[in-house]
Every structure is written in structure tokens, then in C-alpha cells.
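Numbering (the UniProt record's numbering), first residue to last: 1 to 498. Glycine residues also receive a C-beta, built at the ideal position from the N, C-alpha and C atoms. Notes to accompany the following structure.
As C-alpha cells, then:
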């Protein structure tokens, strides 16, 4: 009897302790949320204070300062929302911890924004809406300010509810909405809008096809051979060399104009040298890492961890180069229209400080607010291991780098999620094809499943969670009209107040 009472008492005490633990965990979570909000607010205060001091003698100092603060706020939202594209697959594949992924992303995002971000900035600043078409010159900066506010608010809402919407869609939609309400459709550059929209349609398809093709090549060259370890020792250094050479070529052509001006032969020599160094360094490293491994896929996945980290870093660089324009492009347009043209011109004296605001804002946003969407993209769409995650990141990075080199603001979110879907659907296709082949050879054994599975389920297995496909695609479809409508409303309010 006493044992029964003791058991009940212990159960009650344990329940009370569990409740206390839950309350303590909830308090810690809320405290961290408030700390993150506090650091974000402090960043905006610092940006506003420095801008106010440096622009105090300018007659438009208030509008310019507000633009920089809103650009910083937009950058925080981009970092919080878009880090999922870069690090979600690596975290989902258990290659990087959340903390190390966020730090790596912050460093590479900043480098991409500062070294290669100016090209796409000019497209957002002056390629969508023409300031010359505005009846009153003062309407253009107000329209860009409204676009900043609308895009930032919409992305902030998407981050809170956990929807990985595209910041590029939000910014372009907001710029179009503000431009149309303030100057009419005549102010829009139709050719540029068609080019941007085409990029939005092509990028997820290209990302998905590229990722599926990479996975097919790796399976064919490494995973299905008689000696998979020997194949990995042969091909992984080649993969490192191609990544290093291609990225060096991109960096010279886009981010280092001094070297670009040296001519094609020196540029090619730099790229080949980077590829040769990467091969020479990675080959002995791969051989050492593979010593003592057995010839199983599980062992081979471990060898893909270093390439996966490198691919994640390259994608973060590419994202910084492309998506910093979403925060800084409207700011550059405002400064340019108010006579501060240096901010929008490559090499201008004011461009670097504004790029720094964008780079720091993106980095701080992903460090403070990014983990939630990393889990959404990295784990909830389809199951990823290091090999599949590597294919996703490398395909996405290649697509985004191509767009950045062309100055085209594509959606990195669109591309990354498309690549993840591509890998998932390719796995479905190969697995279901194999199951159908086995079913044709021996239908009795396969149909006699102990768990009572239906024959249709045995013939076809789904590896991509369709519910998340619908959720994410719906968020994309809503973003452009929602941010455009919100920008139009905000422009009406600002024009009435100013």
C-alpha cells in the first residue's frame, strides 16, 4: 500500500517538475526572442544615428536616413527568411550544427554582398521603374520608400508564420505596385519585368533539373560501381577542382574588376590555378579520410561532408551578391534621385557604406532570427543526406551565380526549394521504377506485405511531402500582388503625410 502511495506521489512530483521544466524552457525561449529583437533594434538605432550625423547638412537628411534605416530593416528580414536556402540542406543532412551553419552563412553572405553585390543593386534601383516618368520628382523617392516598407513588412510576416517566401518577389512586387500607383504603368520597364519574371519561372526548374542531374551523375560514377571507395577517391577531388575553378572565374568576372581587365588569358590562368590547387589539396585529404572505410553508401556519405560545407559557403556568397539588392536597391534609387548619385554607381563613394549596411543587416538577421526556416527547408520537404544536400546546394549556387553575373534578381528561395523538390522527385522516380521492375519479376512476394499495404502503395512510394509543396507555392503566388498592393497603400499614406 505504501509503495502504491509512493508511486503515486512520485508521479505527481514528476509531473509538477515536468511542468516547471516546460515553463522554464518557455521562459528561456521568450527571453532569447526578446534578446534577438533587442539586438535587431539596436542595429537599426546605430544605422539611423550614424546616417543622421553624416547626412545632417543635406536638405533631404530625414528621407535619406529613413531610407537607410528601412534598408537595414529589410536586410534583417532577408537574413531571417533566406538563410534557409543556404544552410537548410546542410543542417537537415546533419553535416553542420545550427550555430556553425549560421556563422558560416553570415561570413559568406557579407563577402558576397560587398564583393559582388553592386550589379544587381543597379537593376533594382533603376531597371524596373524609371524616375524620368514621374510627373513630380519628389514622388519617386517616396515610392521607393513605400516599396521598402511594404516588402519588409510582408517578409517579416512570412518569417513569423514560417513561410519561406521570396524576398525578390516581395521587393519587385512592391516596387511595381508603388511605381504604378504613383506614376502609372508607363513608368515600368516592360522588357526588364519580362526578363525578371522569366528568371523566376526558369530558376526553380533549372535548379531542380541541375540537382537531379548531379545526383544521377554521382550515383552513376560513384555509388553504383564495383569499387565505390576507389571511385570516390577519383571523382571527389575533381568535384573540388571544378567548384574552385568555376567560383574563382565568377569572382574575377563579377567581384574583382581590376583582375578582369587584365585580359582573358590571365583570368583563365587564375581559374585553372585555383582548380589545380584544390585538386592537389583535396586528393590526399580524401584518401586519408577514406582509409579504413567499408564500401557502403553510409561510409561514402561521410566523404561528401566537406564538399557539402564548401557548396553551402558558395551558395551563401551567391545569395549575398544577389539578394543584398533587395534591401539596398530601393535605397540606392532614393539617394540617386535626390542627387546623391554616387550611391548607385559602381565605385561611387557612398556605395560601399550602404552595401555594408545591407551585408551587416543580412548577417545579423540570419544569426538572430534564421533557425526556424532552416528547419522548414532542410527537413520538412524531403529527406536529405550529405550527398543529396550537396546536389541541392551546388545546383542552387550555380543558378544564382549565373543570374548575379547577368545582373538579374532571381529568387534564391525559388531556386533552392526547386532543387530540393528536384532531388526528391528524382528519388521517387528511381525508387518507384525499381519497385515496378521487382514487382514485374516477382509480384507474389512483393504484394504479400506483412503490414497489409495496398498494391498501389507498393508500386509507388512518395518521398516528397506534397503538403509543403502547396504551402510554399501558395506563399510565392500571394507575395507579388500582396506586396504590390501594400506598397500602393503605403505610398498613398506617405504622399498624404509628406
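Nearest Cα to residue 155 within the set 166, 147 and 145: 166. A direct Cα-to-Cα measurement between residue 87 and residue 407 gives close to 24 Å. Taking the Cα positions, residue 198 is about 26 Å away from residue 390.
Excluding five sequence positions before and after residue 151, the CB atoms of its chain that fall closer than 6 Å to its own CB belong to 170, 171, 174 and 483, given in chain order. The beta carbon of residue 139 lies closer than 6 Å to those of 182 in the same chain, with the five residues before and after it left out. The beta-carbon separation of residue 303 and residue 290, rounded to 6 Å, stays under the 8 Å limit for a contact. In the three-state reduction of the DSSP assignment, residue 95 falls in the coil class, being assigned neither a helical nor a strand state. In terms of Cβ geometry, residue 274 and residue 311 do not form a close pair [threshold 9 Å]. Assignment of beta-bridge partners to residue 188 by DSSP yields 129. Between the stretch 56-73 and the stretch 306-326, the count of C-beta pairs closer than 8 Å stays below three; the two stretches do not touch. The continuous alpha helix (DSSP H) containing residue 286 extends over residues 264-290.
By the 16-neighbour rule on beta-carbons within 10 angstroms, residue 292 is exposed.
Here DSSP, grouped into helix, strand and coil, assigns residue 431 to helix. With respect to residue 122, residue 188 sits apart: the two C-beta atoms are not nearer than 9 Å. Straight across, the Cα-Cα distance linking residue 251 with residue 356 is about 18 Å. For residue 393, the enclosing alpha helix (DSSP H) has its first and last residue at 386-405. The C-alpha of residue 101 is placed about 37 Å away from the C-alpha of residue 263. The Cβ atoms of residue 118 and residue 419 do not sit closer than 9 Å to each other.
Distance between residue 489 and residue 148, taken at the CA atoms: about 13 Å. Note that the C-beta distance between residue 125 and residue 336 is below 9 Å. For the pair residue 190 and residue 326, the Cα-to-Cα distance works out to about 19 Å. The same chain holds no residue with a CB closer than 7 Å to that of residue 224 once the five nearest residues on each side in sequence are set aside. For a cut-off of 8 Å, the C-beta gap from residue 95 to residue 386 is around 5 Å, short enough to register as a contact. Sequence-distant Cβ neighbours of residue 314 in its own chain, meaning closer than 6 Å and more than five residues away, are 247 and 397. Out of 128, 232, 40 and 330, the CA that lies nearest to the CA of residue 285 is found in 232.
A Cβ-Cβ separation of about 11 Å leaves residue 41 out of contact with residue 364 under the 8 Å criterion. Looking from the CA of residue 487, the closest CA among 58, 178 and 107 belongs to 178.
For residue 251, there is no enclosing alpha helix (DSSP H), as DSSP gives it neither H nor E.
If you look at residue 58, you'll find it isn't in any alpha helix (DSSP H); DSSP assigns it neither H nor E. Going by DSSP, residue 168 is part of the alpha helix (DSSP H) stretching over 167-183. Put simply, of 439, 76, 208 and 132 the residue whose alpha carbon is nearest the alpha carbon of residue 328 is 76.
The distance from the Cβ of residue 423 to that of residue 392 is about 6 Å, consistent with a contact at the 8 Å cut-off. Of the residues 477, 56, 498 and 141, the one whose Cα lies closest to the Cα of residue 333 is 141. Here residue 358 has 75, 113, 324, 327 and 328 as same chain residues with Cβ atoms under 6 Å from its own Cβ, once five neighbours each way along the sequence are excluded.
One Cα belongs to residue 65, the other to residue 37, and the distance between them is close to 21 Å. Apart from sequence neighbours up to five positions away, the residues of its chain that approach residue 405 with a beta-carbon distance below 6 Å are 254, ordered along the chain.
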